[in-house]
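S.K.: When we follow this note's numbering, the leftmost residue of the sequence shown carries the number 1, and every step to the right adds one. Following this message is one structure expressed as structure tokens.
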Amino acid sequence: MEDELLEKAERFIDRPKKEKRIHKDADLFKTYDEVFDQRTLKFLTQLISKHIIDTLDAPISTGKEANTFIATEPTGGRVVVKIFRVNTATFRALNKYIDGDSRFMNTKKSHVEVIYTWCRKEYQNLIRMCDADLRVPEPIHYFRNILVQDMVRLEDMPAPPLKECALDEEEAKEIYDFLMDFIRRSYIDAGLVHADLSEYNVLMGDDGPVVIDVGQAVLVDHPAAEEFLLRDINNVNRFFRQLEGKLDAKEYRKSIIEEARLK
Ligand SMILES: Nc1ncnc2c1ncn2[C@@H]1O[C@H](COP(=O)(O)OP(=O)(O)OP(=O)(O)O)[C@@H](O)[C@H]1O
Ligand SMILES: [Mg+2]
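The following block contains the structure:
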């Protein structure tokens, strides 16, 4: 059974590797080489054997630390699979965030374990946010360095980031209000600061904006939480700089912290 699955997964990566000889420069094939080390391949096979996914399909994006793909579930539904690259660069980038998080302290971790912890942290942050009724993708599963989540879709395709969307003034105002409310409710109801909120991490789906990429989100008791909170507010203000009537970032942060204290 295991052998059969491994073979299935290997067939999956074999295909692009063979094609790579022909299309040396294609980004797609770079993606396969970066992500599919033997270990990750085995974990993917395990996800297939657990019936979490059936096939891994097209790549969506190559980020700094992770690669994201569309996958198909055994039921035919489509989901998003985010695979964190297991290497020293990823370890260095992520370790500093895990260090200050009270949920993950007290253990000395190897490089690999830090990356797995990060993946679990993103999964747990998504759960906290979903529980607080915040608009983030529903997490489906995590295993080692692989996170499976609901696909945010626009007409059946992965939704584009806010960065790529043209907005009229009314839409801009609506999304601005949505993001400021997201920041507030995330802090007060979920006890989290996103810490990397930007036009790249908001997807414009069929049912409106959805916030993604919550791996770096920290608990409100994190030593840098208030600084990250201000940075998120400033990022939203910067993206909507043309918009009239924006909130004063420091005042808004103060009001959020006070409201949380009174809760
Ligand atoms: N749930 C989702 N539904 C649809 N598309 C998604 C989803 N999650 C991620 N994506 C797509 O994949 C891209 C990368 O995902 P994400 O922002 O989570 O990771 P990342 O930016 O690679 O992380 P980093 O760059 O910080 O390492 C997004 O910009 C988006 O286009
Ligand atoms: Mg991102």
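Just so it is clear, CB atoms sit at the ideal spot from N, CA and C, and this is done for glycine as well. This structure is a prediction, so every number in the text was calculated from the model and none was measured.
#1: Quick one: Cα of L47 to Cα of R128, how far?
#2: Just to check my reading of the structure: I146 and L44 have Cβ atoms closer than 8 Å, yes? What is that Cβ distance to the nearest angstrom?
#3: If you follow the beta strand (DSSP E) that R241 is in, where does it begin and where does it stop?
#4: Name the DSSP beta bridge partners of M85, please?
#5: Any chance the CB of I212 is under 6 Å from a heavy atom of ligand 1?
#6: Rounded to whole angstroms, how far is the Cβ of F143 from the Cβ of H111, which I believe are closer than 8 Å?
#7: Considering only residues of the same chain and omitting the five flanking positions on each side of K250, which have a CB-CB separation below 8 Å?
#8: What do you reckon, are the CB atoms on A132 and A190 nearer than 7 Å?
#9: Is it buried or exposed, L262, if we count other Cβ atoms within 10 angstroms and call 16 or more buried?
#10: Consult DSSP for I127 and reduce its assignment to one of helix, strand or coil.
#11: Buried or exposed: P74, going by 16 or more other Cβ atoms within 10 Å of its Cβ?
#12: For E56, which option in G76, R253, A89 and E244 has the closest C-alpha, if you only look at C-alpha atoms?
#13: Could you please give the first and the last residue of the uninterrupted alpha helix (DSSP H) stretch that includes Q46?
#14: CA-CA distance, D99 and L126?
#15: Determine which residues share a DSSP beta bridge with F69 and list them.
#16: Just curious, the alpha helix (DSSP H) that M180 is in, first and last residue?
#17: Is the beta carbon of A166 sitting closer than 7 Å to the one on L192?
#18: Y142 lies in the alpha helix (DSSP H); which residues open and close that run?
#19: Who are the Cβ neighbours of H23 in its own chain at under 6 Å, not counting the five residues just before and after it?
#20: Note the first and the last residue of the continuous beta strand (DSSP E) segment covering I146.
#21: Which residues bound the beta strand (DSSP E) around L203?
M.R.: On the basis of the data shown:
#1: Here residue 47 is taken as the residue at index 47 of the sequence shown, counted from 1. Here residue 128 is taken as the residue at index 128 of the sequence shown, counted from 1. L47 and R128 have their C-alpha atoms roughly 23 Å apart.
#2: Numbered from its first residue, the sequence shown carries residue 146 at position 146. Numbered from its first residue, the sequence shown carries residue 44 at position 44. Under the criterion of beta carbons closer than 8 Å, I146 and L44 qualify as touching, at roughly 7 Å.
#3: In the sequence shown, residue 241 corresponds to position 241, counting from 1. No beta strand (DSSP E) holds R241; DSSP gives it neither H nor E.
#4: In the sequence shown, residue 85 corresponds to position 85, counting from 1. Checking the sequence shown, residue 85 turns out to be Arg, not Met. None, per the DSSP bridge assignment.
#5: Here residue 212 refers to the residue found at position 212 when the sequence shown is read from its first residue. At least one heavy atom of ligand 1 falls within 6 Å of the beta-carbon of I212.
#6: Counting from 1 along the sequence shown, the entry for residue 143 is found at position 143. Counting from 1 along the sequence shown, the entry for residue 111 is found at position 111. So it is not a contact: roughly 18 Å between Cβ atoms.
#7: As a working mapping, residue 250 is identified with position 250 in the sequence shown. Listed in chain order, the non-local C-beta contacts of K250 below 8 Å within the same chain comprise L230, local neighbours out to five positions each way being set aside.
#8: By one-based count along the sequence shown, residue 132 stands at place 132. By one-based count along the sequence shown, residue 190 stands at place 190. Result yes, Cβ atoms of A132 and A190 sit closer than 7 Å.
#9: Within the sequence shown, residue 262 is the residue found at index 262, counting from 1. When all chains shown are included, L262 counts as exposed.
#10: As a working mapping, residue 127 is identified with position 127 in the sequence shown. Helix, per DSSP.
#11: The sequence position of residue 74 within the sequence shown is 74, counting from 1. By the beta-carbon neighbour count (other beta carbons within 10 angstroms, threshold 16), P74 is exposed.
#12: Looking up residue 56 in the sequence shown gives position 56. Here residue 56 turns out to be Leu, not Glu, going by the sequence shown. Comparing alpha carbon positions, the residue from G76, R253, A89 and E244 closest to L56 is G76.
#13: The residue you call residue 46 lines up with position 46 of the sequence shown. Segment Q38 to S49, the alpha helix (DSSP H) holding Q46.
#14: Residue numbering aside, residue 99 sits at position 99 when the sequence shown is read from its first letter. Residue numbering aside, residue 126 sits at position 126 when the sequence shown is read from its first letter. The alpha-carbon of D99 is positioned some 20 Å away from that of L126.
#15: The residue given as residue 69 occupies position 69 in the sequence shown. Within the DSSP bridge table, the entry for F69 names P59 and V81 as partners.
#16: Residue mapping note: residue 180 aligns to position 180 of the sequence shown, counting from 1. In the DSSP assignment, M180 falls within the unbroken alpha helix (DSSP H) covering E169 to R185.
#17: Translated into positions along the sequence shown, residue 166 becomes position 166. Translated into positions along the sequence shown, residue 192 becomes position 192. When the beta-carbon positions are compared, A166 and L192 stay at least 7 Å from each other.
#18: On the sequence shown, residue 142 is found 142 positions in, with the first residue counted as 1. Not the alpha helix (DSSP H): Y142 falls in the beta strand (DSSP E), residues P139 to F143.
#19: Walking along the sequence shown from the start, residue 23 turns up at place 23. Because H23 carries a pLDDT of 43, less than 50, the predicted location of this residue cannot be relied on, and the following value inherits that uncertainty. In its own chain, leaving out the 5 sequence neighbours on each side, no residue places its CB closer than 6 Å to the CB of H23.
#20: As a working note, residue 146 is residue 146 in the sequence shown. Counting along the chain, the beta strand (DSSP E) containing I146 begins and ends at I146 to D150.
#21: Taking the first residue of the sequence shown as position 1, residue 203 is located at position 203. Segment V202 to G205, the beta strand (DSSP E) holding L203.
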